[in-house]
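Quick notes on the structure that follows.
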Amino acid sequence: MHKCVLLCIFLIPLLSLGQPNYHIIIRNGKIIDGSGNSWYYADIAIKDGKIAAIQRNLPGTAERVIDAKGLLVTPGFIDVHAHIEESIFQRPTADNYIHDGVTTVVTGNCGGSADDLATFFFRIDSMHTSINIASLVGHNTVRRLAMGEVNRFASPAEQQQMEDLVAKAMRAGAVGLSTGLIYLPGMYSNTEEVIGLAKTAAAYNGVYASHIRNEENNVLDAVNEAINIGKAANIPVEISHFKVGGKANWGRSKQTIALVETARRDGYDVTIDQYPYTGSSTNLGIRLPNWALSGGLDSLKVRILDPIEHKRIIAGMLEQLHSYQFSNYNFAMIANHEADTLLNGKSISQVNLMKGRKPTAAAEAETILDLMQAGGAQMIYHTMNEDDVRYIMKYPFNMCAADAGVATGKGVPHPRGYGSNARVLGRYVRDQQLFSWEEAIRRMCSLPAQKFGFKNRGLLKEGMAADILVFDQQSISDQATYEKPHQFSKGFRYVLVNGQLVIDGGTHNGTRSGMVLYGSGQSIVDSP
2 MHKCVLLCIF LIPLLSLGQP NYHIIIRNGK IIDGSGNSWY YADIAIKDGK IAAIQRNLPG
62 TAERVIDAKG LLVTPGFIDV HAHIEESIFQ RPTADNYIHD GVTTVVTGNC GGSADDLATF
122 FFRIDSMHTS INIASLVGHN TVRRLAMGEV NRFASPAEQQ QMEDLVAKAM RAGAVGLSTG
182 LIYLPGMYSN TEEVIGLAKT AAAYNGVYAS HIRNEENNVL DAVNEAINIG KAANIPVEIS
242 HFKVGGKANW GRSKQTIALV ETARRDGYDV TIDQYPYTGS STNLGIRLPN WALSGGLDSL
302 KVRILDPIEH KRIIAGMLEQ LHSYQFSNYN FAMIANHEAD TLLNGKSISQ VNLMKGRKPT
362 AAAEAETILD LMQAGGAQMI YHTMNEDDVR YIMKYPFNMC AADAGVATGK GVPHPRGYGS
422 NARVLGRYVR DQQLFSWEEA IRRMCSLPAQ KFGFKNRGLL KEGMAADILV FDQQSISDQA
482 TYEKPHQFSK GFRYVLVNGQ LVIDGGTHNG TRSGMVLYGS GQSIVDSP
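What the sequence shown shows, in the working numbering, is residues 2 to 529, in sequence order.
Below, the structure written as structure tokens:
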């Protein structure tokens, strides 16, 4: 054999010894692997976007070594209830989620998704984001496409059209069907309509996620409806932002959780998610009677100008208010009113006085109609009780979900969009010891991964996608408040998404290594 060839044969192994074995090694970390098992110490090696090895005193070298001594190492959090359809394109770095440890979100909730999910996914994959994104297909979206916003049940032809739209979305990669049964136009559907759509989603191994029909006085009926839809359609159920609102209902969390426990005991896959706050956030329109919203905002404006209809609307609003045992609308805070941003952060009661009206519930109802005439508003409603929040949080099949979009720095939004996970870990796990760190991480990682079919995420395990957090359990805390919501959580030192550092030393470095996570029903999708 030629001397040159022999020399090369011997040199190649020697040269390879000088090359790093891995892209990143996280050493000396206290690992909570997401399964619910106890923590342990080990090193984690990452290569080609995946976890290559986990063991104590891991041999090998890496391009980057992170010393995690004294820090927790966990899987990235999976937020199963997001609304990022528009905001992700304004801020693809998704800073508020990343700084709260969230590496994957499920969007398309509350019945509202992108009209065409194939196009949506194509845009995400083309643009690149810092987080992984999956989506449900929204009932309100497909109903609007098939029927508009009319107040009636679907005809057989319309039902078929909606089912076809759901099937198309599932083939595009949706992970299930969502409903928002207090919103237009889904509020006008009956249970049978939703069952038909849920059956379609079930045929593609989807999940049924529901913002139920009522979260206040009729909450028990609404929880039962969601469970019964799951039973009839043979589909797993996720009840969104589980809560009980209105003073008249404080303490009923024991009844609502009991319904979920009974369903699970009977063999039905029912789980819930929750944000850790006593204030909710949604639009101003929910303060009006359902019938008044038929046809959308333009139709509502016409009704408001009609003296007889106007009087009926006010009467319905006051009836709802009194049934919740509130004397006025001081619990309702404006998060964003585009027509007049100076009103952001003020209560309806405050705005009413600014208009020179009397401090009565009827006058405040008139102020609400003025705001609706001007385009409506995003609101925060302080209607819940801390005891209920804690009781629901203790339930083991409950996931943390922010119910938020990508923060763009506008308005005075709910702080949950910035600090939900850090709040659970800092306030309820570390400070109040409501449950263990291992249990909290399980609910934020492997439980949602299992529910939504993310087979290679949610655990720290060799071969899994390297969505990983390194954080300080002593300093982890939410900073966002109702008064000053635009503040990132503290404590997350390093965040990796698909094996790439996105948070490095506490700072977002701009990396956009996220990807679309497609549901198992996906077929070949042609680029738009």
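Note that beta-carbon positions come from the ideal geometry of N, C-alpha and C, so glycine has one too. Just so it is clear, the structure is predicted and the values come from calculations on it, not from any experiment.
| Query | Result |
| --- | --- |
| For Ile47, tell me which candidate among Thr512, Val498 and Asn510 has the shortest Cα-Cα distance. | Val498 |
| Confirm, please, whether the CB-CB distance from Ala403 to Arg417 is below 8 Å. | yes |
| Buried or exposed: Ser490, going by 16 or more other Cβ atoms within 10 Å of its Cβ? | buried |
| Looking only at its chain, what residues have a beta carbon closer than 8 Å to the beta carbon of Val517, apart from the 5 residues adjacent to it on each side? | Phe122, Ile125, Asp126, Asn133, Ile134, Ala135 and Gly174 |
| Kindly indicate which residue of Asn97, Asp80 and Arg28 has the alpha-carbon position closest to the one of Ser88. | Asn97 |
| Expressed to the nearest angstrom, what Euclidean distance is found between the alpha-carbon atoms of Glu484 and Asp274? | 25 Å |
| Rounded to a whole number of angstroms, what is the C-alpha to C-alpha distance between Ile52 and Met171? | 29 Å |
| Would you call the segment 180 to 197 and the segment 147 to 155 in contact, with 3 or more CB pairs under 8 Å? | yes |
| Quick check for students: name the residue ranges of the beta strand (DSSP E) that lie wholly in the segment 202 to 231, counting only runs of 3 or more. | 208 to 212 |
| Look at the alpha carbon of Tyr396 and the alpha carbon of Asp299, and state the distance between them as a whole number of angstroms. | 42 Å |
| Would you be able to state if there are at least three C-beta pairs under 8 Å between the segment 267 to 281 and the segment 232 to 246? | yes |
| Once the 5 residues before and after Arg513 are set aside, which same chain residues still bring their CB inside 7 Å of it? | Pro93, Thr94, His129, Thr130 and Ser131 |
| For Ala63, tell me which candidate among Ile26, Met385 and Gln56 has the shortest Cα-Cα distance. | Ile26 |
| In the DSSP assignment, find the unbroken beta strand (DSSP E) run with Gly181 in it and report its ends. | Gly177 to Gly181 |
| Buried or exposed: Pro360, going by 16 or more other Cβ atoms within 10 Å of its Cβ? | exposed |
| Let's see if you can read the secondary structure: which residues bound the beta strand (DSSP E) around Asp132? | Sequence inspection shows Ile at residue 132; the Asp mentioned does not correspond to that position. No beta strand (DSSP E) contains Ile132, which DSSP labels as neither H nor E. |
| Using the C-alpha atoms, what's the distance from Asp468 back to Tyr41? | 18 Å |
| Who are the near neighbours of Leu435 in its chain, counting only those whose CB is closer than 8 Å to its CB and skipping five residues on each side? | Arg391, Met394, Lys395 and Tyr429 |
| In angstroms with no decimal places, state the Cα-to-Cα distance between Val238 and Glu86. | 22 Å |
| Taking Gly1 as the reference, which of Glu150, Gln160, Ala115 and Gln161 has the closest Cα? | Outside the shown range of the chain, which is 2 to 529, sits residue 1, and nothing can be said about it. |
| Which of the three DSSP states is assigned to Ile469 in this structure? | strand |
| What's the call for Gly515, buried or exposed, on a 16-neighbour Cβ count within 10 Å? | buried |
| Please confirm whether Met318 and Ile369 have their CB atoms less than 8 Å apart. | yes |
| Please confirm if the segment 68 to 79 is in contact with the segment 23 to 38, defined as three or more CB-CB distances below 8 Å between the two stretches. | yes |
| Report back the beta-carbon spacing between Asn331 and Gln379 to the nearest angstrom; my notes put them in contact at under 8 Å. | With 8 Å as the limit, Asn331 and Gln379 do not qualify as a contact, their Cβ atoms being about 18 Å apart. |
| According to DSSP, is Phe398 helix, strand or coil? | coil |
| So, is the C-beta of Val103 closer than 8 Å to a C-beta in chain D? | Judged by its chain identifiers, the structure shown contains no chain D, having just a single protein chain. |
| Count the other C-beta atoms from every protein chain shown that fall within 10 angstroms of the C-beta of Pro449, then say buried if there are 16 or more, exposed otherwise. | buried |
| Can you tell me the Cα-Cα spacing of Gly511 and Phe493, whole angstroms? | 16 Å |
| What would DSSP say about Asp389, mapped onto helix, strand or coil? | helix |
| In chain order, what are the residue ranges of uninterrupted alpha helix (DSSP H) at least 4 long that sit wholly in the segment 282 to 364? | 298 to 306, 308 to 324 and 349 to 355 |
| On the three-state DSSP scale, how would you describe Leu460? | coil |
| Any idea what DSSP makes of Ala450, helix, strand or coil? | helix |
| Once you ignore the five residues that flank Ser328 on each side, which residues in its own chain have a CB closer than 7 Å to its CB? | Ala362 |
| If we count Cβ pairs, one from each stretch, closer than 8 Å, do we get three or more for the segment 71 to 82 versus the segment 101 to 118? | yes |
| Pull up the DSSP beta-bridge partners for Leu73, would you. | Lys31 and Phe472 |
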